[in-house]
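All remarks here apply to the structure that follows.
There are 4 protein chains.
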Amino acid sequence: MNHGNNHLHEIRALARTFVAERDWGQFHTPKNLSSALSVEAAELLEHFQWLKTGTQEELGADKLTQVRHEMADVLVYLVLLADQLDVDLGAAVEEKMALNRAKYPADKVRGDARKYHEYPPD
Amino acid sequence: MNHGNNHLHEIRALARTFVAERDWGQFHTPKNLSSALSVEAAELLEHFQWLKTGTQEELGADKLTQVRHEMADVLVYLVLLADQLDVDLGAAVEEKMALNRAKYPADKVRGDARKYHEYPPD
Amino acid sequence: MNHGNNHLHEIRALARTFVAERDWGQFHTPKNLSSALSVEAAELLEHFQWLKTGTQEELGADKLTQVRHEMADVLVYLVLLADQLDVDLGAAVEEKMALNRAKYPADKVRGDARKYHEYPPD
Amino acid sequence: MNHGNNHLHEIRALARTFVAERDWGQFHTPKNLSSALSVEAAELLEHFQWLKTGTQEELGADKLTQVRHEMADVLVYLVLLADQLDVDLGAAVEEKMALNRAKYPADKVRGDARKYHEYPPD
Numbered sequence: 001m002n003h004g005n006n007h008l009h010e011i012r013a014l015a016r017t018f019v020a021e022r023d024w025g026q027f028h029t030p031k032n033l034s035s036a037l038s039v040e041a042a043e044l045l046e047h048f049q050w051l052k053t054g055t056q057e058e059l060g061a062d063k064l065t066q067v068r069h070e071m072a073d074v075l076v077y078l079v080l081l082a083d084q085l086d087v088d089l090g091a092a093v094e095e096k097m098a099l100n101r102a103k104y105p106a107d108k109v110r111g112d113a114r115k116y117h118e119y120p121p122d
Numbered sequence: 001m002n003h004g005n006n007h008l009h010e011i012r013a014l015a016r017t018f019v020a021e022r023d024w025g026q027f028h029t030p031k032n033l034s035s036a037l038s039v040e041a042a043e044l045l046e047h048f049q050w051l052k053t054g055t056q057e058e059l060g061a062d063k064l065t066q067v068r069h070e071m072a073d074v075l076v077y078l079v080l081l082a083d084q085l086d087v088d089l090g091a092a093v094e095e096k097m098a099l100n101r102a103k104y105p106a107d108k109v110r111g112d113a114r115k116y117h118e119y120p121p122d
Numbered sequence: 001m002n003h004g005n006n007h008l009h010e011i012r013a014l015a016r017t018f019v020a021e022r023d024w025g026q027f028h029t030p031k032n033l034s035s036a037l038s039v040e041a042a043e044l045l046e047h048f049q050w051l052k053t054g055t056q057e058e059l060g061a062d063k064l065t066q067v068r069h070e071m072a073d074v075l076v077y078l079v080l081l082a083d084q085l086d087v088d089l090g091a092a093v094e095e096k097m098a099l100n101r102a103k104y105p106a107d108k109v110r111g112d113a114r115k116y117h118e119y120p121p122d
Numbered sequence: 001m002n003h004g005n006n007h008l009h010e011i012r013a014l015a016r017t018f019v020a021e022r023d024w025g026q027f028h029t030p031k032n033l034s035s036a037l038s039v040e041a042a043e044l045l046e047h048f049q050w051l052k053t054g055t056q057e058e059l060g061a062d063k064l065t066q067v068r069h070e071m072a073d074v075l076v077y078l079v080l081l082a083d084q085l086d087v088d089l090g091a092a093v094e095e096k097m098a099l100n101r102a103k104y105p106a107d108k109v110r111g112d113a114r115k116y117h118e119y120p121p122d
């Protein structure tokens, strides 16, 4: 990731222009954007559903290109939704990460994928 | 979004540390990460499913906080998946946006949400 | 619904034959089938994402046909998953409905779509 | 599946009564029901996301019970959506299965999970 446009503000600017040029903002309620985000996430998942683990090798070059495009769609809808709801995604990640660190203390969950509420009480 | 950590590299660094401290990388095949991304996108959608449009006002402050956290989860899984597949998300967005501009020419689709393949031929 | 094949056993028989003829059972782990089910559910949702409410009139005949086919796909994957996990879907529905009746008492939630855990305590 | 209530009409009757008693039909637009279906499918998927294949043994008894309940939720929302759109699910499955048999001829696709459009032309 040494590309120049990896700042979320830049992606938001691209997405805003695309939407404004097509007058599609009228369809972009938070509800509709979260539906579209969910649909794109499933289109991404579709590429992996019958694979063993979905590594680059198992995917192959053509599928990897399609996967990249689905990932782009997911990110664009997420950024558009954040824009509608005035959510600062970077701050939201930091906040959620702090909660996750508290819920899943590293020394308790190391190497274990069970969800926090499934841990036996001390 | 005037916060400092809105660069995807920074979010990736946070996510990598969180995963490494818990030795959870062993579960993070691209297939599993895309499942987790889809699940988080649905948890986000759940907040909107019975609402009319899901504006900030309709959501209310408590739900908006939960929504912010689900959005953070979506972004973290997307960034972790990109990391596994060596995908530059900013470049992927630019590439996909260029394809979208060609598929949905602004002067043809303005104000119309039908998918490009549903447009009548000229 | 006055058609003859509305019994889940009949749908299971159709699905089993289709899968066996193609030797696709090898891909049908419960994990993969639940991914496929989720993907089909999203393909169904895609038809509704930019609509207001998605009535038959708003959908139109062509989209309704596509919607019917996505619904069929959802049901087939659900029945195949039930087959793999020895789940009796009819019994599961009765069991879950009994739980739902206890969680959402009719006289408390009438006309209100908030989830049960959001109800204020008595 | 030797239980008595495996006919889709019976499940529909249970679901209709549950909804009517709570006056929840007002929220059940086709759009909202397809969102809810997608959310329930993802809650089902969540149980499998970090597992290898999700067999009964790998799930364990407690998770299997939760999985059965998520499957019930998926089926109930599917049946409610079919009810709203006057879709005969049994007939839809037969129709879709006939299309699938034509798209994926058994002698061409045996043991191969690639999607039909990825098959090389003859």
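Residue numbers (this note's numbering), protein chains in the order written: chain A, 1 to 122; chain B, 1 to 122; chain C, 1 to 122; chain D, 1 to 122.
Even glycine gets a Cβ: it sits at the ideal position worked out from N, Cα and C.
List the endpoints of the continuous alpha helix (DSSP H) containing residue i.
i, result
"L78/A", "61-84"
"D107/C", "106-109"
"V39/B", "30-46"
"E95/B", "89-103"
Using the DSSP secondary-structure output, state which residues sit across from residue i in a beta bridge.
i, result
"E7/B", "The residue you asked about is not Glu; residue 7/B is His in the sequence shown. H7/B pairs with H7/A."
Can you pull the chain F neighbours of residue i, defined as C-beta to C-beta under 8 Å?
i, result
"Q66/C", "In the structure shown, chain F does not exist; the protein chains are A, B, C and D."
Closest to residue i by CA distance: which of the options is it?
i, options, result
"R114/C", "S35/B, F27/B, K63/B", "K63/B"
"A15/C", "A82/C, L99/C, E57/C", "A82/C"
"I11/C", "A106/D, E95/D, G111/D, K103/D", "E95/D"
"K31/B", "Q84/A, W50/A, D107/A", "W50/A"
"Q26/B", "K103/B, E58/B, D88/B, L80/B", "L80/B"
"V87/C", "A36/D, V76/D, A72/D", "A72/D"
"P105/A", "A13/B, N6/B, L8/B, D23/B", "D23/B"
"T29/C", "H9/D, K52/D, K103/D", "K52/D"
"L44/C", "V74/C, V109/C, D107/C, L85/C", "V74/C"
"T65/D", "F18/C, L85/C, A36/C, D107/C", "L85/C"
"G54/B", "A61/A, S35/A, G111/A", "S35/A"
I think residue i touches residue j, with their Cβ atoms under 8 Å apart; what is that distance to the nearest whole Å?
i, j, result
"A92/B", "R68/A", "4 Å"
"L8/D", "Y77/D", "So it is not a contact: roughly 13 Å between Cβ atoms."
"N6/D", "L89/C", "7 Å"
"A41/C", "A41/D", "4 Å"
"V39/B", "E46/D", "5 Å"
"L97/D", "F18/C", "Per the sequence presented here, residue 97/D reads as Met, with Leu not at that position. The Cβ separation is near 6 Å, so the contact holds."
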